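Engineer: Listed in order, the protein sequences are those of chains X and D.
Numbering follows this note's numbering, with no gaps: position 65 of the first sequence is 65.
With positions in the second sequence counted from 1, the corresponding number in this note's numbering is that position plus 1000.
The beta carbon of each residue, even a glycine, is placed where N, CA and C say it ideally should be.
Since this is a predicted model, take the numbers as computed values, not measurements.
Shown below is the structure under consideration.
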Amino acid sequence: MSTRLSRTTLQLLGALAIAVAAVGCASDKTPATADVAVSRAAVDSATSSGAAELAPAELTSARDKMMKANQALAAKDYKAAKEWADLAAADAQLAQSKANTAKATSAANEVQQSVNAMRDELNRSNANQQQ
Amino acid sequence: MKKLTFIPAVFAVSLFMAACSSTPTTTSMLDRARGDYMAAQNNPSVAASAPLEFKAASDALNRANDAAAKNDSLEHIDQLAYIATQKIATAQQVAHQKAEEARIADAGRQRDEVRLQQRTQEADQAKAAADQARMQAVQAQNSAANAQAATADAQARAAALAAELADLQAKQTERGMVITLSDVLFNTDRAELSADGMSTARKLADVLTQNPERTVLIEGFTDSTGSAAHNLELSQRRAESVRAALVGMGVDASRVATKGYGEAYPVAANDTSGDRQLNRRVEIVLSQNGNPIAARR
């Protein structure tokens, strides 16, 4: 999970670095296909992490922006396509991290509850023994 | 520590941009991104737990600041500021996730610790149960030994009693053991015990002292010579005399009852002097098994 996240992050950073370099002097006609692909991967990753349930607002926002990026790409508006793709990727990454955090929280609560139950059992057993 | 290197970078870029542009632009979205970034900076766990995400957020904010310094379109500044905001939030989430994972690991350690305590407790309980069982076995052994000793003691006492009663020529009857003190143990027409009578009373007192659960009924009888009233009185006095002797030897008075019957219940005809002597007697009835002595029928 985290390796996929970091790989996605690295890819995004790479794409952003290229974009930053490009924005300085390159024209708006640079095909944004790579940016859109990276963002789609981020959205897919968030979805498989359960973001649809655990971070629905962020995931919906990411999907809406992906749709606009695709539309811009189809219209050969590469500048808009790249912008929408970057925005979508930011939303998707947040969606994924929120989902992962929610899962970790519930797992932590569960383990803690089981520890508490064991401790209660131990204390009860202790009390019985002392009777 | 790493975040400190970002600040000059952001600053330097801003200054560089400010040098060749007129008035720096800002938007509410960019202000919000800067505020969020400061909050993340003030939370040391963000840079520590999510360094990669925090660096990405830092870079994104730098780009938004650059765009503002260059007086880019407000729309573009907002886009970059939005991306920075989301990346800062992502860094916060990742830091939070790491904290929860640490909590899971800690709970796992706690669980191992509680399990160890459980095992220890189980072992302690098993040991306590074994100790208790051993103790109960010892107690059972002791009480068995005690019971055996008590039985042996009771048997010894019963044997001693039987021997003493045999010495007193006691006879087993329905009412209990009966010891007959013959006339010769009393002085003629007197109630006082003779020396032999006192010796017999001494033996009887010993029996009563060693068998405290037993009580006695002392019954006096005479022959038909003399008036009935005199005989009744004499039989009663003789019974009382035996009682006084026993009490004098340490037997509790409440354990000794007396009854004078005069010439009633003869054991022989009153026609010869030998038979009359048999009738002049005192009978001592010992209670048995803690039951009261049945009245004479």
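Would you say D/Gly1108 reaches chain X, if we count a Cβ-Cβ gap shorter than 8 Å as a contact?
Structural biologist: Start at 1 with the first residue of the second sequence, and residue 1108 of chain D comes out as number 108. Yes, D/Gly1108 lies at the interface with chain X (some Cβ there is under 8 Å from its Cβ).
Engineer: Of all the residues that make up the region 1069-1090 of chain D, which are near chain X by a beta-carbon distance shorter than 7 Å?
Structural biologist: Correct list: Gln1079, Tyr1082, Ile1083, Gln1086, Lys1087, Ala1089, Thr1090.
Engineer: Give the C-beta separation of D/Ala1060 and D/Ala1040 to the nearest angstrom, bearing in mind that I take them to be a contact with Cβ-Cβ under 8 Å.
Structural biologist: On the second sequence, position 60 is the one that residue 1060 of chain D refers to. On the second sequence, position 40 is the one that residue 1040 of chain D refers to. The Cβ separation is near 12 Å, so there is no contact.
Engineer: Out of curiosity, what's the CA-to-CA distance linking X/Ala72 and X/Arg40?
Structural biologist: Taking the first sequence and counting its residues from 1, one reaches residue 72 of chain X at position 72. Taking the first sequence and counting its residues from 1, one reaches residue 40 of chain X at position 40. Rounded to the nearest angstrom, the two C-alpha atoms are 14 Å apart.
Engineer: Which whole-angstrom value describes the C-beta separation of D/Val1114 and X/Val115, a residue pair presumed to lie in contact below a C-beta threshold of 8 Å?
Structural biologist: Counting from 1 along the second sequence, the entry for residue 1114 of chain D is found at position 114. Counting from 1 along the first sequence, the entry for residue 115 of chain X is found at position 115. Rounded, the Cβ-Cβ distance is 6 Å, consistent with contact.
Engineer: Round the Cβ separation of D/Arg1255 and D/Val1285 to the nearest angstrom and send it over; I've been treating them as touching at under 8 Å.
Structural biologist: Taking the first residue of the second sequence as position 1, residue 1255 of chain D is located at position 255. Taking the first residue of the second sequence as position 1, residue 1285 of chain D is located at position 285. Not really, about 12 Å apart at Cβ, beyond 8 Å.
Engineer: Tell me which residue opens and which closes the beta strand (DSSP E) that D/Val1285 is part of.
Structural biologist: Numbered from its first residue, the second sequence carries residue 1285 of chain D at position 285. Looking at the DSSP string, the run of the beta strand (DSSP E) that includes D/Val1285 is 1281-1286.
Engineer: Distance cutoff 8 Å, beta carbons only. Does X/Leu87 sit that close to anything in chain D?
Structural biologist: Translated into the one-based positions of the first sequence, residue 87 of chain X becomes position 87. Chain D, which has a Cβ nearer than 8 Å to the Cβ of X/Leu87, makes this yes.
Engineer: Give the single residue among D/Glu1219, D/Thr1200, D/Thr1090, D/Val1138 whose Cα lies nearest to the Cα of D/Arg1175.
Structural biologist: As a position in the second sequence, residue 1175 of chain D is number 175, starting the count at 1. For the residues D/Glu1219, D/Thr1200, D/Thr1090, D/Val1138, the minimum Cα distance to D/Arg1175 belongs to D/Glu1219.
Engineer: Report yes or no: do three or more beta-carbon pairs, one from the region 106-125 of chain X and one from the region 84-94 of chain X, lie closer than 8 Å?
Structural biologist: Segments in contact, no.
Engineer: Run through chain X and tell me which residues come within less than 9 Å of D/Gln1132, C-beta to C-beta.
Structural biologist: Taking the second sequence and counting its residues from 1, one reaches residue 1132 of chain D at position 132. Going along chain X, no residue has its Cβ under 9 Å from D/Gln1132, so there is no contact; the nearest lies around 12 Å.
Engineer: Quick one: is D/Leu1046 near chain X, going by C-beta distance under 8 Å?
Structural biologist: Residue numbering aside, residue 1046 of chain D sits at position 46 when the second sequence is read from its first letter. Before going further, note that residue 1046 of chain D is Val rather than Leu in the sequence given. By this cut-off, D/Val1046 is not an interface position.
Engineer: 8 Å is my cut-off, CB to CB: does X/Glu53 come that close to chain D?
Structural biologist: By one-based count along the first sequence, residue 53 of chain X stands at place 53. So no, X/Glu53 is outside the interface.
Engineer: When the distance is taken between beta carbons, is D/Ala1253 closer than 8 Å to D/Val1247?
Structural biologist: Your numbering for residue 1247 of chain D matches position 247 in the second sequence. Your numbering for residue 1253 of chain D matches position 253 in the second sequence. Contact: yes.
Engineer: DSSP three-state call for D/Val1216: helix, strand or coil?
Structural biologist: Along the second sequence, read from residue 1 onward, the residue named residue 1216 of chain D stands at position 216. In this structure, D/Val1216 counts as strand in the three-state DSSP scheme.
Engineer: Residues of chain X with CB under 8 Å from D/Val1310, in chain order?
Structural biologist: Look at the range of chain D in this structure, 1001 to 1297, and you will see that residue 1310 of chain D is not part of it.
Engineer: For the candidate residues X/Leu87, X/Arg119, X/Tyr78, whose alpha-carbon lies nearest to that of X/Glu58?
Structural biologist: As a position in the first sequence, residue 58 of chain X is number 58, starting the count at 1. The shortest Cα separation from X/Glu58 among X/Leu87, X/Arg119, X/Tyr78 belongs to X/Leu87.
Engineer: Cβ of D/Glu1164 within 8 Å of Cβ of D/Asp1131?
Structural biologist: The count along the second sequence starts at 1 and reaches residue 1164 of chain D at position 164. The count along the second sequence starts at 1 and reaches residue 1131 of chain D at position 131. No, the pair does not count as a contact, with Cβ atoms beyond the cut-off.
Engineer: So, using beta-carbon positions, are D/Ser1049 and D/Ala1095 closer together than 8 Å?
Structural biologist: Taking the first residue of the second sequence as 1, we reach residue 1049 of chain D at position 49. Taking the first residue of the second sequence as 1, we reach residue 1095 of chain D at position 95. Yes, they are a contact pair.
Engineer: Runs of 3 residues minimum, wholly inside the region 1115-1201 of chain D: which ones carry the beta strand (DSSP E) assignment?
Structural biologist: Runs found: 1171-1173, 1176-1182.
Engineer: For X/Thr33, count the other beta carbons within 10 Å of its own beta carbon; 16 or more makes it buried, fewer makes it exposed. Which is it?
Structural biologist: Here residue 33 of chain X corresponds to residue number 33 of the first sequence, with the count starting at 1. Label assigned to X/Thr33: exposed.
Engineer: In angstroms, rounded to a whole number, what distance separates the CA positions of X/Arg119 and X/Thr101?
Structural biologist: As a first step, residue 119 of chain X is located in the first sequence; it is residue number 119 there, counting from the start. As a first step, residue 101 of chain X is located in the first sequence; it is residue number 101 there, counting from the start. Answer to the nearest angstrom: the Cα atoms are 26 Å apart.
Engineer: Is any beta-carbon of chain D found at less than 8 Å from that of X/Ser48?
Structural biologist: Numbered from 1 along the first sequence, position 48 holds the residue referred to as residue 48 of chain X. With 8 Å as the cut-off, X/Ser48 does not count as an interface residue toward chain D.
Engineer: If we call anything under 8 Å between Cβ atoms a contact, is X/Lys82 one with X/Asp35?
Structural biologist: In the first sequence, counting from the first residue as 1, residue 82 of chain X sits at position 82. In the first sequence, counting from the first residue as 1, residue 35 of chain X sits at position 35. Yes, the Cβ-Cβ distance between X/Lys82 and X/Asp35 is below 8 Å.
Engineer: Counting Cβ pairs, one atom from each stretch, are 3 or more of them under 8 Å apart for the region 1226-1237 of chain D and the region 1258-1278 of chain D?
Structural biologist: They touch, by the three-pair rule.
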